[in-house]
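A.B. asks:
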Amino acid sequence: MVCLAACGEGGPPAPVPGEAPPLTGERLEQGREIWLGTCGNCHARGVAGAPLIGDTAAWAPRIAQEPAVLHAHAIDGYVGPDGTMMPAKGGNPSLTDAQVRAAVDYMVAASQPPQ
Ligand code: HEC
């Protein structure tokens, strides 16, 4: 493991783009399971222009939006300014809206810059 400024300060390690770390908390644990099942197909590998989980620079302007906007983009689908497309529910219509929101919250939590 590479030790950056956060090491030894008790904070979580810096996110690594493309890696989906286990996070504590029931909601985040459920979100990670859903994320691994559907969302990681694109967001772990940058498929179709998807922003990588843990890529803090790519996520900062997205996280700056209201959480409700991020949730709606993931549930209803979204075409970004560069023409890259987030399919509704990641192309998995069997997911409930609540499951998609939990997966979004997990990906956001895993893509925050270290405090
Ligand atoms: C087929 C590939 C693919 C899958 C599967 C996928 N995504 Fe995405 N996602 C994308 C792409 C591409 C973008 C970037 C769209 C853009 O901003 O141009 C994106 C963007 C997003 C965004 C940012 C939206 C914004 O407003 O900036 C969120 C949140 C998101 N995805 C959540 C999810 C969740 C949750 C899942 C699983 C349920 C998922 N994605 C599955 C391709 C995918």
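Quick note: the sequence shown uses our numbering, first residue -15, plus one each step. For each residue, glycine too, the CB sits at the ideal point set by N, CA and C.
1) Got a sec? Which residues, its chain only, sit under 7 Å from H57 by beta carbon, not counting five neighbours each side?
2) Going by DSSP in three states, V0 sits in which element: helix, strand or coil?
3) Give me the Cα-Cα distance between I59 and R85, rounded to the nearest whole angstrom.
4) So, L54 versus V88, is the Cβ gap smaller than 7 Å?
5) Does the ligand HEC have a heavy atom nearer than 6 Å to the CB of Y90?
6) Among P98, Q99, A93, which has the Cα closest to the Cα of G9?
7) Write down the C-beta distance between G2 and R29 rounded to the nearest angstrom, noting that I regard them as a contact closer than 8 Å.
8) Can you check DSSP and say which residues form a bridge with Y62?
9) Smallest Cα separation from G21: which of R11, P5, L79, G38?
10) Once you ignore the five residues that flank E17 on each side, which residues in its own chain have a CB closer than 6 Å to its CB?
11) Around the Cβ of P(-1), are there at least 16 other Cβ atoms within 10 angstroms (buried) or fewer (exposed)?
C.D. replies: A quick look at the data gives this:
1) For H57, where only same-chain residues beyond five positions count, the Cβ hits under 7 Å are M70.
2) Three-state DSSP puts V0 in coil, outside helix and strand.
3) Their Cα atoms are separated by approximately 8 Å.
4) Yes. Within cutoff.
5) Relative to the ligand HEC, even the nearest heavy atom lies 6 Å or more away from the CB of Y90.
6) Across the set P98, Q99, A93, the C-alpha of A93 shows the shortest separation from the C-alpha of G9.
7) Beta-carbon to beta-carbon, G2 and R29 are separated by about 7 Å, close enough to satisfy the 8 Å threshold.
8) Beta-bridge annotation (DSSP): Y62 is paired with M70.
9) Selected option, being the one with the closest Cα: L79.
10) Excluding positions up to five away in sequence, the list is empty.
11) Flag for P(-1) reads buried.
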